[in-house]
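Numbering (numbering that gives the first Met the number 0), first residue to last: 0 to 475.
To start, the structure itself, in structure tokens.
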Amino acid sequence: MNYETVIGMEVHVELHTQSKMFCSCPADHFQIDANQHICPVCTAQPGALPVINGRAIELTVMTGMALGCEIRPHSVFARKNYVYPDLPKGYQVSQYELPLCEFGQLRIPGDGGIDKVIQIERVHLEEDTGKLLHQGNSSLVDYNRAGVPLMEIVTDASIRSADEAFMYVQKIRQLVRYLQASTGDMEKGAMRCEANISVRPEGVEEFGTKVEVKNLNSFRAVRNAIDYEVQRQIEVLSEGGAVRQVTMGWDESAAVTKEQRSKEFADDYRYFPEPDLLDVDVTAEWIDAVRRQLPELPDGRAQRFIESMQLGDDEAGLVCEDRAVADWFEAVVAAGADARAAANWITGELFRRLKDVDGAIEDVTVTPDQLAELIGLVTAGTISGSAAKEVFAVMWEQGGSPAQIVEAKGLQQVSDTGELESQVDAVIAEHTDAADKVRAGDSKPIQFLMGMVMRASKGKANPQMVQQLLRDKLQG
Ligand SMILES: [Zn+2]
Numbered sequence: 000m001n002y003e004t005v006i007g008m009e010v011h012v013e014l015h016t017q018s019k020m021f022c023s024c025p026a027d028h029f030q031i032d033a034n035q036h037i038c039p040v041c042t043a044q045p046g047a048l049p050v051i052n053g054r055a056i057e058l059t060v061m062t063g064m065a066l067g068c069e070i071r072p073h074s075v076f077a078r079k080n081y082v083y084p085d086l087p088k089g090y091q092v093s094q095y096e097l098p099l100c101e102f103g104q105l106r107i108p109g110d111g112g113i114d115k116v117i118q119i120e121r122v123h124l125e126e127d128t129g130k131l132l133h134q135g136n137s138s139l140v141d142y143n144r145a146g147v148p149l150m151e152i153v154t155d156a157s158i159r160s161a162d163e164a165f166m167y168v169q170k171i172r173q174l175v176r177y178l179q180a181s182t183g184d185m186e187k188g189a190m191r192c193e194a195n196i197s198v199r200p201e202g203v204e205e206f207g208t209k210v211e212v213k214n215l216n217s218f219r220a221v222r223n224a225i226d227y228e229v230q231r232q233i234e235v236l237s238e239g240g241a242v243r244q245v246t247m248g249w250d251e252s253a254a255v256t257k258e259q260r261s262k263e264f265a266d267d268y269r270y271f272p273e274p275d276l277l278d279v280d281v282t283a284e285w286i287d288a289v290r291r292q293l294p295e296l297p298d299g300r301a302q303r304f305i306e307s308m309q310l311g312d313d314e315a316g317l318v319c320e321d322r323a324v325a326d327w328f329e330a331v332v333a334a335g336a337d338a339r340a341a342a343n344w345i346t347g348e349l350f351r352r353l354k355d356v357d358g359a360i361e362d363v364t365v366t367p368d369q370l371a372e373l374i375g376l377v378t379a380g381t382i383s384g385s386a387a388k389e390v391f392a393v394m395w396e397q398g399g400s401p402a403q404i405v406e407a408k409g410l411q412q413v414s415d416t417g418e419l420e421s422q423v424d425a426v427i428a429e430h431t432d433a434a435d436k437v438r439a440g441d442s443k444p445i446q447f448l449m450g451m452v453m454r455a456s457k458g459k460a461n462p463q464m465v466q467q468l469l470r471d472k473l474q475g
């Protein structure tokens, strides 16, 4: 029997704000000694009152807009009651019935070049919890992360495979980074995923029993955990068993999902509106003002590069993957470079070197103006493509202007007809067999003769001119 996989994703994204969700403590909690960024509000001291972080609301609404959501003019925060030591209040302030954003979509690449549309149910805002540190028989708690703004993006059950889930999560990260809403760094825990996974026999409409898998803290974990869990459920059903409704965790090192707790009794969080906070009422003018802050989004930007700059689909996708790279590319083009050549340099030579040093575009010392100048030297025929790579290597390692490097290393291409002609004549005289073959109508040895001229000129001869001269002399 064939089974169909049904997945819904929940992605938690830590927002990149200065301060926490309901107090003025710094939101940064990475590489800081335990319990330094805390105050009476985020540690739940009696009488402390929370105040909503306006920037967190803005970033959540921007994300909702980028996902095509409806923005609720009226939303409320609610208390989600549960007890855990990393939650000082004994409840988490979240949103339940009235989230900030609802009913959006995100497109991911689908079969046959047709996009697949993933439906977004809601985007809401809540606060993060603290962290437990287990040491031997005791546990310590660090509240630096308690109260950090956390945005949750929830899909419906429209995802059908681990690959789709993987692409969806990648697109979400790209989007929150474009919006500068979050660093999206999964390895640091700034983005964390959960998947609700079920399978059903093909053709059956009713959903199977779903299992929630938590701790998906890398792209690889998203793919591997879903693949594993789908296979596990199919095996249970194939053997005549029933899938139990449980919460599982992904054990990265063992590469298995492990049961954390049974969900046979639905969680009762006893949600109720947070009495210490005002409802969030936003006006149409405010929504318009936030909409004006939206940057050009990655898919639209790639489309523009394809249409107005003649980039290929893949190339445009690569250039737009990261907003800073796309900005850098546009700066090279603005400095006068041919767009396709610029994209070629960036996705080829530049990406290769960045990968070698595990660097980001922000670390590159070559400026967009310098790359544009280098491209200009190739276009004008001053240097060959291979010489340009040599120049780029020097620019990358030592800096400096392309023209000066070309001058210093004597890389100017020889485009002087007289000089090239004497080199071509010398090669023809030396390789009479090959030359005779070309004269007799076999054009293949032209490549060989060209290679000889390029070698004689130490790669500095203008290849187009050499080829033309050989044709004129032997075939003309
Ligand atoms: Zn605080």
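Each residue gets a CB set at the ideal place from its N, CA and C atoms; glycine is no exception.
Cβ shell of residue i (< 6 Å), same chain only, five flanking positions each side left out
i	result
residue 322	177
residue 114	106
residue 201	1 and 3
residue 39	47
residue 398	364
Closest residue to residue i among the options (Cα-Cα distance)
i	options	result
residue 101	74, 0 and 354	74
residue 254	236, 281, 223 and 247	223
residue 48	414, 34, 474 and 276	276
residue 152	138, 135, 170 and 142	170
residue 396	136, 352 and 475	352
residue 132	442, 361 and 34	34
residue 96	451, 76 and 114	76
residue 315	302, 327 and 326	302
residue 196	456, 185, 155 and 218	155
residue 317	24, 339, 288 and 334	339
residue 332	368, 363 and 297	368
residue 163	444, 329 and 225	225
residue 307	287, 296, 329 and 291	329
residue 129	119, 51 and 41	41
residue 469	104, 39 and 444	444
residue 90	442, 145 and 52	145
residue 60	85, 50, 99 and 138	99
residue 218	104, 168, 305 and 121	168
residue 252	439, 220 and 51	220
residue 50	227, 287, 291 and 92	92
residue 150	52, 83, 235 and 158	52
residue 187	403, 27 and 7	27
residue 103	111, 120 and 358	120
residue 25	142, 62 and 382	142
Chain-order list of residues whose beta-carbon lies under 7 Å from that of residue i (same chain, five-residue window excluded)
i	result
residue 193	9, 211, 212, 213 and 215
residue 472	423 and 427
residue 181	12, 13, 14, 15, 175, 189 and 190
residue 325	300, 318 and 319
residue 233	2 and 198
residue 282	none
residue 437	444, 445, 473 and 474
residue 380	412, 414 and 461
Bridge partner(s) assigned by DSSP for residue i
i	result
residue 200	2
residue 191	11
residue 101	69 and 121
residue 141	130
residue 78	92 and 271
residue 423	None, per the DSSP bridge assignment.
residue 18	25
residue 468	None, per the DSSP bridge assignment.
residue 250	255
residue 148	126
residue 213	248
residue 107	115
residue 460	413
CB-CB length for residue i against residue j, believed under 8 Å
i	j	result
residue 127	residue 147	4 Å
residue 208	residue 243	7 Å
residue 413	residue 460	5 Å
residue 270	residue 79	6 Å
residue 293	residue 453	Going by Cβ atoms, the distance from residue 293 to residue 453 rounds to 51 Å, so no, they are not a contact pair.
residue 465	residue 419	6 Å
residue 289	residue 57	6 Å
Neighbourhood of residue i by C-beta, 8 Å cutoff - its chain only, sequence neighbours within 5 removed
i	result
residue 172	183, 185 and 190
residue 166	107 and 108
residue 335	371 and 375
residue 206	5, 156, 197 and 199
residue 389	408 and 410
residue 247	210, 211, 212, 213, 228, 256, 257, 258 and 259
| message | I'd like the ranges of any alpha helix (DSSP H) spanning at least 4 consecutive residues and lying wholly in the stretch 260-299. | response | 283-292
| query | When a residue counts only if its C-beta is closer than 6 Å to some heavy atom of ligand 3, which residues count, in chain order? | reply | This structure lacks ligand 3; its bound ligands are ligand 1.
| field | Whole runs of the alpha helix (DSSP H) within the stretch 315-392, excluding any shorter than 4 residues | value | 322-333, 338-344, 350-356 and 367-378
| said: As an exercise, report each continuous alpha helix (DSSP H) stretch of at least 4 residues that is fully enclosed by the stretch 153-187, in chain order. | reply: 161-177
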